[in-house]
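The numbers in this note's numbering rise by one with no breaks, and the one at position 197 of the sequence shown is 197. Just so you know, even glycine gets a beta-carbon here, dropped at the ideal spot from N, CA and C.
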Amino acid sequence: MEMLNDAIATVLREMERGFAARRAAGGLPMTPERIRLTFNFSLDAAGQIARAEPDAPHSVTVEFKVGEWGQLQPVTAPVAPAAKPAVEGGIIPVLSQVFGVPGFDSSARATVFRETLADCSHDEVLAVLATLRPEATAPLDNATRLASHVLRGIIQSGPTKNVGQGARALVELLTQHPLAEVLRVAETTWKTHDDWLGIKP
1 MEMLNDAIAT
11 VLREMERGFA
21 ARRAAGGLPM
31 TPERIRLTFN
41 FSLDAAGQIA
51 RAEPDAPHSV
61 TVEFKVGEWG
71 QLQPVTAPVA
81 PAAKPAVEGG
91 IIPVLSQVFG
101 VPGFDSSARA
111 TVFRETLADC
121 SHDEVLAVLA
131 TLRPEATAPL
141 DNATRLASHV
151 LRGIIQSGPT
161 KNVGQGARAL
171 VELLTQHPLA
181 EVLRVAETTW
191 KTHDDWLGIK
201 P
């Protein structure tokens, strides 16, 4: 008998290994989109310990979406990213790929970026970026659809041009830095058209 939590962790780990081995062997590319696990389990007399058993009287089915870019979500609880200095953490280099080097022209992209995401949560922005994957379907709600359209335009008009590549860079950035810090750096480094022209409010 195996502890239920150990059984779940083992199945997820073996699935990741299986997809990695297939990629390494040059097999047909496959990207998992949703995982559904069903386990039978029994409880001890105190109802405190769950053990996975094939013919146990209880069962649980867990269904969840796969993480960004085809990677399985980690089993451990997600931890909010800690703020890092802009230079050391690489915020400016990544945003430069999306907006262009700080200056008059790129400040417009940075301004639209900030205004579009200002009222979004960290998770909402990640959900918007997920819609920019090549294989993603169109978002259903209007707010996500609008934000997705705006970010697509920003990336396509910037140096990267490639929407999928730009979105992946932003997702990676947001796994390392809070959204508020990214928006702050975008504002202080890229500024606005009026700032570059020396126009005071």
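Buried or exposed: which applies to residue i, given that a residue is buried once 16 or more other Cβ atoms fall within 10 Å of its Cβ?
i    : result
F104 : exposed
R13  : exposed
I91  : buried
F41  : buried
T38  : exposed
S59  : exposed
A147 : buried
G158 : buried
What residue range is occupied by the uninterrupted beta strand (DSSP E) comprising residue i?
i    : result
R51  : A50 to A52
T131 : T131 -> no beta strand (DSSP E), and no H or E assigned at all.
S42  : R34 to L43
Helix or strand or just coil, what does DSSP make of residue i?
i    : result
S157 : helix
L183 : helix
V11  : helix
S96  : helix
S59  : strand
E16  : helix
A124 : The amino acid occupying residue 124 in the given sequence is Glu; Ala does not appear at that position. The answer is helix: DSSP assigns E124 an H, G or I state.
A83  : With a pLDDT of only 48 at A83, under the threshold of 50, the placement of this residue in the model should not be trusted; the figure read from the coordinates follows. Coil at A83, not helix or strand.
A77  : Per-residue confidence for A77 stands at a pLDDT of 41, beneath the threshold of 50, marking its modelled position as unreliable; the derived number appears in the next sentence. In the structure shown, A77 sits in coil (DSSP, three-state: anything other than H, G, I, E or B).
Quick one: give me the first and last residue of the alpha helix (DSSP H) that residue i is part of.
i    : result
S106 : F104 to L117
T175 : V163 to Q176
V101 : Premise fails: V101 is in no alpha helix (DSSP H) and is neither H nor E.
W196 : H193 to L197
Fill in: Contact between the region 156 to 173 and the region 91 to 98 (3+ Cβ pairs under 8 Å)
yes
Practice prompt. Please confirm if the region 38 to 52 is in contact with the region 152 to 162, defined as three or more CB-CB distances below 8 Å between the two stretches.
Written response: no
Discussion item. With three or more beta-carbon pairs closer than 8 Å as the criterion, would you say the region 120 to 130 touches the region 170 to 187?
Written reply: yes
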